[in-house]
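Okay, so the sequence shown: first residue is 11 according to the working numbering, each after it adds one. All residues carry an ideal CB built from backbone N, CA and C; glycine is no exception.
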Amino acid sequence: MKVHEYQAKHILAHYGVPIPRGEAVFTPEEARAAAQRLGGTVVVKAQIHAGGRGKAGGVKLARNPEEAERIAGSLLGQKLVTAQTGPEGRVVGRLLIEEALDIAKEFYLSLLVDRAAARPVFMASSEGGVEIEVVAAEHPEKILKETVHPGTGFQPFQARHLAFGLGLDPVLLQEATRIFSSLYRAFLATDASLVEANPFVQTRDGRLLALDAKMTFDDNALFRHKDIQELRDVHEEDPLEVKASEYKLNYIRLDGNVGCMVNGAGLAMATMDIIQYAGGRPANFLDVGGGASEEQVKRGFEIILGDPNVRAVLINIFGGIMRCDIVASGVVAAAKSLGINVPVVVRLEGTNVELGQKILKESGLNFTVASGMKDAAEKVVAASRGN
Ligand code: ADP
Ligand code: MG
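In structure tokens:
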């Protein structure tokens with residue numbers, strides 16, 4: 011789960027990371043009042059779950075409260091298209107009004123899980139404010155890394171390595187190492203999969219602060235962070251993915267046109283692969299789970315059909331824990347209540363397969379039955395092309 015910049019900053023501040031003074035607002039009037047309270051020049055920052063806002067016009071300076079109100083009016087309710095939103099952009103629903111800082115240097119800091127090392131890794135770069143992917147591609151030597159042993163935790167010497175590596179002013183070393191340790195504590199305590207401050211800045215008056223903040227949390231750990239769960243902003247998520255999460259379905263929307271309903275993540279991956287192999291492109295990843303109910307199968311089907319790009323659907327179920335007749339009943343129920351207007355190819359295998367096939371046949375609905383994965387993939391790709 012992702013949160014907005016102002017929410018991530020709030021969490022980081024709780025763990026002792028300095029952040030600029032600021033307030034989240036929802037209307038131009040609130041923006042004006044917040045700018046008044048902050049005093050002086052402020053920055054109006056669009057709050058969307060995507061970066062690249064600065065370059066896209068989503069971060070603007072306002073010299074007085076009137077200007078803040080005007081800028082807020084021009085951003086709120088508008089679509090912001092950044093390098094990270096995709097061409098469809100995101101509608102801005104909230105803003106962060108923040109004191110404008112006099113920046114001397116911008117750095118990059120992040121913490122994430124290095125899957126290869128199976129450890130958290132703290133990354134830092136003197137090239138802050140720019141896209142880190144660009145730095146990684148062009149100047150990989152400018153990215154410093156400290157992997158953290160989970161047993162010992164992030165050590166002070168590692169923080170000093172990073173601080174020295176960034177070329178920080180020696181008088182700031184102690185403060186920097188304190189902040190880096192705070193960032194690590196925030197990362198660990200919240201079960202975050204990513205903490206990023208880009209930029210992390212040094213001001214002209216010698217302060218260090220997180221000027222931008224991004225946090226992503228491990229969905230599987232959210233059950234123990236009720237306070238973080240409450241920060242969820244569903245407007246930032248794909249409506250179909252939000253619906254899927256309500257039914258506890260593992261669904262990720264993709265940009266192809268072959269809808270896939272599969273049980274088990276491994277089989278779902280294999281199904282997506284074989285669709286590609288047959289020359290098609292999957293419209294989604296959907297794992298209805300090992301023990302899905304008829305209701306969940308129905309909801310899964312509804313979600314697949316809710317994607318207007320879907321031209322054909324492949325139902326690929328291996329009945330292990332899941333019984334084929336339950337899947338078939340769910341599919342038939344969904345087809346009857348939704349009225350399907352795309353071809354559906356079904357491959358069932360495993361427990362109660364004959365019963366499942368009988369239910370499909372006797373439904374009077376037009377399903378194409380496939381034998382085996384390869385046959386199923388070829389049939390559904392042909393169907394998606396209108397053959
Ligand atoms: P994004 O990464 O989405 O573009 P940032 O929060 O990193 O958004 O802001 C972009 C740039 O705007 C920063 O690199 C910084 O130069 C400037 N900026 C952001 N917030 C402030 C602030 N409070 N004071 C001064 N400059 C700021
Ligand atoms: Mg940024």
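DSSP lists 325 as the bridge partner or partners of residue 271.
Counted as a single uninterrupted DSSP element, the alpha helix (DSSP H) harbouring residue 390 occupies residues 383-394. When secondary structure is reduced to three states using DSSP, residue 165 falls in the coil class, being assigned neither helix nor strand.
Chain order is used for the residues whose beta-carbon lies nearer than 5 Å to a heavy atom of ligand 2, namely 208 and 222. The criterion of a C-beta distance shorter than 8 Å is not satisfied by residue 272 and residue 319.
Where residue 34 is concerned, there is no enclosing alpha helix (DSSP H), although the beta strand (DSSP E) around it starts and stops at 32-35. With fewer than 16 other Cβ atoms inside 10 Å of its own Cβ, residue 199 counts as exposed. At a cut-off of 4 residues, the continuous stretches assigned as alpha helix (DSSP H) that sit fully inside the stretch 164-214 are 166-175 and 183-199.
Just so you know, the alpha carbons of residue 354 and residue 321 end up roughly 9 Å apart. Counting along the chain, no beta strand (DSSP E) covers residue 125, and no H or E run does either. The residues 31, 32, 33, 107, 108 and 109, in chain order, have a CB closer than 8 Å to that of residue 48 in the same chain once the five nearest residues on each side in sequence are set aside. Spanning the alpha carbons of residue 380 and residue 338 requires a straight line of approximately 14 Å. Take residue 357, set aside five residues on each side of it, and the residues of its chain with a beta-carbon closer than 6 Å to its own are 326, 380 and 386, in chain order.
In this structure, residue 298 lies near residue 306, with their beta-carbon atoms less than 8 Å apart.
Counting the other Cβ atoms within 10 Å of the Cβ of residue 212 gives 16 or more, which makes it buried. Of all C-beta pairs linking the stretch 84-104 to the stretch 119-126, fewer than three are shorter than 8 Å, placing the two stretches out of contact.
Relative to the non-hydrogen atoms of ligand 1, the Cβ of residue 62 comes within a distance shorter than 7 Å of at least one. Cβ-Cβ distances below 7 Å link residue 91 to 66, 97 and 99 in the same chain, with the five nearest sequence neighbours on each side left out; the list follows chain order. Pairwise C-beta distances place the stretch 153-168 out of contact with the stretch 239-251, as fewer than three of them are shorter than 8 Å. With fewer than three CB-CB distances shorter than 8 Å, the stretch 260-278 does not count as touching the stretch 225-242. Inclusion of residue 296 and residue 348 in the CB contact set at 8 Å is not warranted, their separation being larger than that value.
With contact defined as three or more Cβ pairs closer than 8 Å, the stretch 201-215 and the stretch 225-235 are in contact. Residue burial is scored here from C-beta neighbours: residue 114 has fewer than 16 other C-beta atoms within 10 angstroms and is therefore classed as exposed.
The C-beta of residue 336 has 16 or more other C-beta atoms within 10 Å across all chains shown, which makes the residue buried. With a threshold of 16 other beta carbon atoms within 10 Å, residue 102 meets it and is buried. Partner residues in a beta bridge of residue 368, as assigned by DSSP, do not exist. Within a 10 Å sphere around the beta-carbon of residue 313 sit 16 or more other beta-carbons, which makes this residue buried.
Taking residue 70 as the centre and dropping the five residues before and after it, the same chain places the C-beta of 54 and 81 closer than 6 Å to its C-beta, in chain order. Here residue 168 has 156 as same chain residues with Cβ atoms under 6 Å from its own Cβ, once five neighbours each way along the sequence are excluded.
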